[in-house]
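Asks: Residue numbers (my numbering): 8 to 371.
Structural data, given as structure tokens:
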């Protein structure tokens with residue numbers, strides 16, 4: 008009997024997402040700098056809230072996330088009714104594609120943009136459209152030129168991953184104002200908290216009806232293992248997204264940890280200050296070794312090597328020394344390694360080992 012069970016068109020075109028490695032065979036106590044995790048972890052307040060939730064594991068969680076939405080709104084000065092929470096910002100991205108794009112539609116993302124944009128677009132049956140960047144920076148005019156009557160969503164990460172680069176509010180406002188009327192602009196602010204005074208696009212969301220902002224608790228809040236994210240947008244769009252959201256998509260432990268974390272502003276400030284200081288130190292140390300990087304506005308540095316062979320050789324040398332960084336050939340950057348800004352000891356260690364690698368290359 009012929010088997011007729013087939014997935015929807017486009018599903019088999021999806022390349023499986025590759026997360027940052029965590030282990031090196033034969034090496035113990037590795038330094039993991041491959042996933043842009045907060046080296047200082049989550050605040051103690053979030054850990055305590057998570058632990059307390061163990062006493063209510065038999066209870067279903069709140070379905071409307073009202074307490075977490077209120078906490079986010081209080082901290083950021085936003086309307087809680089226009090906030091949606093999800094399993095990381097990835098789930099919000101997926102909701103947007105599910106609700107606003109389908110077969111025959113196009114979803115724009117940029118040359119080195121986060122791979123989940125393309126994955127979620129294909130999962131919805133839409134066609135992902137890649138737009139070139141300009142020297143690893145989002146090109147707003149190129150995006151506008153790429154828009155057609157089939158375009159439904161435009162995704163921009165700002166600051167961007169894996170480049171760490173950022174475009175200004177004027178460019179984003181210009182883009183939002185000139186998109187075709189059927190297009191929704193999505194500003195992915197996973198790394199927004201690392202930029203002091205940056206609202207991640209919230210003001211633009213307030214000013215327009217065609218912009219949505221997404222954020223995550225996985226980065227500066229140190230809750231990558233808990234998986235919580237959120238989005239902010241026009242009320243009618245958030246209403247649509249809630250209609251495709253599973254009612255119990257977040258557990259009580261997730262909600263409690265995220266609420267405690269977002270309220271812990273001292274922890275956020277400390278992590279931002281430490282990241283800014285150590286990021287500058289690491290970028291300068293690499294530059295002294297002849298390895299340039301663009302000015303990063305996130306919690307990583309994109310180290311640019313002479314070519315792909317040198318980048319891969321350096322990666323292998325780092326692994327032999329128990330240090331894991333991220334190859335980004337899949338993002339169109341085969342000559343680069345993305346290096347998370349760790350604690351001071353990790354930053355000094357990775358710079359030292361790369362220095363050893365360069366020395367061996369030069370025969371020193």
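Glycine included, C-beta positions come from ideal geometry on N, C-alpha and C.
1) For residue 98 and residue 112, what's the separation of their Cα atoms in angstroms?
2) Residues in its own chain within less than 7 angstroms of residue 230 by CB, not counting five upstream and five downstream?
3) Looking only at its own chain, which residues have a Cβ that is under 7 angstroms from the Cβ of residue 180, when we skip the five neighbours before and after it?
4) If you compare alpha carbons, which of 17, 16, 71 and 160 is closest to residue 257?
5) Verify whether the separation of the beta carbon atoms of residue 290 and residue 275 is less than 8 angstroms.
6) Would you say the segment 334-352 touches the segment 309-319, given that touching needs at least three Cβ pairs under 8 angstroms?
7) Name the one or two DSSP bridge partners that residue 113 has.
8) Output needed for residue 123: all residues of its chain with C-beta closer than 6 angstroms, excluding positions within five of it in sequence on either side, in chain order.
9) Does residue 210 come within less than 8 angstroms of chain D when only Cβ atoms are used?
10) Taking 8 angstroms as the cut-off, does the segment 243-251 touch the segment 56-67 (at least 3 CB pairs, one atom from each stretch)?
11) Can you tell me which of the three DSSP states residue 81 falls into?
12) Could you check whether the segment 134-141 touches the segment 180-199, counting it as contact only if at least three pairs of C-beta atoms, one from each stretch, sit closer than 8 angstroms?
13) If you measure between the beta carbons of residue 198 and residue 226, is that distance less than 8 angstroms?
14) DSSP three-state call for residue 362: helix, strand or coil?
15) Do the CB positions of residue 237 and residue 84 come within less than 8 angstroms of each other?
16) Roughly how many angstroms separate the alpha carbons of residue 207 and residue 161, rounded to a whole number?
17) For the candidate residues 273, 303 and 270, whose alpha-carbon lies nearest to that of residue 283?
18) So, with DSSP's three-state summary, where would you put residue 207?
19) Look at residue 76 and residue 68 and say whether their C-beta atoms are less than 8 angstroms apart.
20) Does the beta-carbon of residue 262 have 16 or more other beta-carbons within 10 angstroms, so that it is buried, or is it exposed?
21) Taking Cβ to Cβ, would you say residue 110 is nearer than 8 angstroms to residue 331?
22) Quick one: what does DSSP say residue 338 is sitting in, helix, strand or coil?
Replies: This is what the structure gives:
1) 20 angstroms
2) 49, 53, 224, 264, 265 and 268
3) 211
4) 71
5) no
6) yes
7) 134 and 158
8) 97 and 100
9) No chain D appears in the structure shown, which is made up of a single protein chain.
10) no
11) helix
12) no
13) yes
14) helix
15) no
16) 16 angstroms
17) 303
18) coil
19) no
20) buried
21) no
22) helix
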